[in-house]
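The UniProt record's numbering puts the first residue of the sequence shown at 1, with every later residue one more than the last.
C-beta: ideal position from N, C-alpha, C; glycine also.
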Amino acid sequence: MAAPATPATEPETLEDASFLRDTLRAFRKNRMAMVGLAFVVLLVLGAIFAPWVSPHDPYRVALDEQLLPMSHTYWLGTDNFGRDVLTRILYGARISLMVGIVPSLVSLTIGTVLGILSGYLGGKTDFVVMRLADMMIAFPSLLLAMVVMYTLGANLLNIFLALALVGWASVARVVRSQTLALREKEFIEAARANGTARATIMFAHIFPNVVPTLIVLFSLSIPEAIMWESSLSFLGVGVQPPEASWGLLVAKGKEYIFQAPSVAIAPGIAILLTVMAFNFIGDGLRDALDPSMKD
Numbered sequence: 001m002a003a004p005a006t007p008a009t010e011p012e013t014l015e016d017a018s019f020l021r022d023t024l025r026a027f028r029k030n031r032m033a034m035v036g037l038a039f040v041v042l043l044v045l046g047a048i049f050a051p052w053v054s055p056h057d058p059y060r061v062a063l064d065e066q067l068l069p070m071s072h073t074y075w076l077g078t079d080n081f082g083r084d085v086l087t088r089i090l091y092g093a094r095i096s097l098m099v100g101i102v103p104s105l106v107s108l109t110i111g112t113v114l115g116i117l118s119g120y121l122g123g124k125t126d127f128v129v130m131r132l133a134d135m136m137i138a139f140p141s142l143l144l145a146m147v148v149m150y151t152l153g154a155n156l157l158n159i160f161l162a163l164a165l166v167g168w169a170s171v172a173r174v175v176r177s178q179t180l181a182l183r184e185k186e187f188i189e190a191a192r193a194n195g196t197a198r199a200t201i202m203f204a205h206i207f208p209n210v211v212p213t214l215i216v217l218f219s220l221s222i223p224e225a226i227m228w229e230s231s232l233s234f235l236g237v238g239v240q241p242p243e244a245s246w247g248l249l250v251a252k253g254k255e256y257i258f259q260a261p262s263v264a265i266a267p268g269i270a271i272l273l274t275v276m277a278f279n280f281i282g283d284g285l286r287d288a289l290d291p292s293m294k295d
């Protein structure tokens with residue numbers, strides 16, 4: 001008589017719960033990761049509730065209040081149009097977080113699918129996908145993103161497209177290497193012997209085993225995307241005025257660096273702290289998910 005399904009799946013469920021619990025415990029032990037997480041949470045809350053948290057209208061022009069120094073009214077001073085710098089930074093966090101998350105998710109999805117297909121199917125599929133990835137990696141990423149922006153136009157949607165285009169290749173190579181190792185494992189060979197469809201093997205058996213790596217890649221790709229967007233906006237092919245992008249704020253503020261240093265320095269510090277925070281989180285996740293790094 002066949003064994004009931006529940007007892008057979010219970011050990012796996014308990015093992016998964018234990019793995020998650022151990023991972024969270026290891027992550028919490030990493031102080032820098034927790035500091036980074038706290039900063040990101042505050043940043044996200046500030047971006048979401050910016051209309052209620054920010055003290056001023058980010059688009060209000062007051063030419064009689066140009067380049068004012070830091071004060072109780074304007075904590076970080078005002079820019080060349082009399083707009084509050086702190087308010088502009090809070091609203092700029094919305095763009096930076098969207099640019100960090102959306103293109104990273106798109107490139108992660110494309111890279112994961114192509115990486116699994118390339119690693120498992122091999123042959124011509126592997127050759128074509130890896131040669132495309134090699135071409136993308138060999139081409140200067142910033143230059144490629146600038147070409148896309150100049151061709152399609154400077155707006156937020158095209159930034160998403162440009163950053164997703166330059167980011168998928170590195171993900172595909174990492175996923176492919178893991179797929180090559182996993183396809184030789186006993187549980188994959190058993191699935192093939194049982195006649196399991198290749199699509200099921202790839203996305204029901206291999207994919208769950210690369211998820212921890214994808215989590216780390218995602219956390220580390222967010223700050224990279226933020227840096228790319230800031231660079232594009234600084235060069236004038238990213239977010240356009242009057243929107244408040246951190247890179248754009250630095251680009252406009254550098255013209256007044258000696259008159260009102262906070263106009264350029266404050267958004268630059270925001271970029272620095274955000275990138276560092278996400279990197280701390282990524283390092284913490286890598287250590288927590290890597291068995292060799294655990295105590």
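Here residue 149 is buried: its Cβ has 16 or more other Cβ atoms, across all protein chains shown, within 10 Å.
Comparing alpha-carbon positions, the option among 26, 90, 29 lying closest to residue 51 turns out to be 90. Where residue 188 is concerned, the enclosing alpha helix (DSSP H) starts and stops at 186-193.
In this structure, residue 250 keeps its C-beta atom at 8 Å or more from the C-beta atom of residue 256. Here the C-alpha atom of residue 244 lies approximately 29 Å from the C-alpha atom of residue 215. Counting only runs of at least 4 residues, the stretch 131-207 fully encloses the following alpha helix (DSSP H) elements, listed from N- to C-terminal order: 141-152, 156-182, 186-193. Under the three-state reduction of DSSP output, residue 87 falls in the helix class. Residue 78 sits in a strand when the DSSP states are folded into three classes. For residue 33, the uninterrupted alpha helix (DSSP H) segment begins and ends at 31-48.
About 16 Å separates the Cβ atoms of residue 48 and residue 99, ruling out a contact at the 8 Å cut-off. Only residues of its own chain outside the window of five on either side were considered, and among them 176, 179, 180 have a CB closer than 6 Å to the CB of residue 119, listed in chain order. With contact defined as three or more Cβ pairs closer than 8 Å, the stretch 278-289 and the stretch 108-119 are not in contact. Nearest Cα to residue 230 within the set 268, 121, 217: 268. Counting along the chain, the unbroken alpha helix (DSSP H) around residue 262 starts and ends at 262-289. Around residue 32, the same chain offers 280 as residues with beta carbons nearer than 6 Å, after the five sequence neighbours per side are excluded. In terms of Cα proximity to residue 67, the closest of 80, 60, 76, 58 is 80.
For residue 248, the closest alpha carbon among the candidates 96, 75, 71, 25 is that of 96. The beta carbon of residue 71 lies closer than 8 Å to those of 77 in the same chain, with the five residues before and after it left out.
Residue 224 carries a helical assignment under DSSP once its states are collapsed to helix, strand and coil.
Distances from the alpha-carbon of residue 83 to those of 65, 189, 94 put 65 closest. At a Cβ-Cβ threshold of 8 Å, residue 136 and residue 166 count as neighbours. For residue 93, the secondary structure class from DSSP, reduced to helix, strand or coil, is helix. At the C-beta level, residue 93 and residue 163 stay beyond 8 Å of one another.
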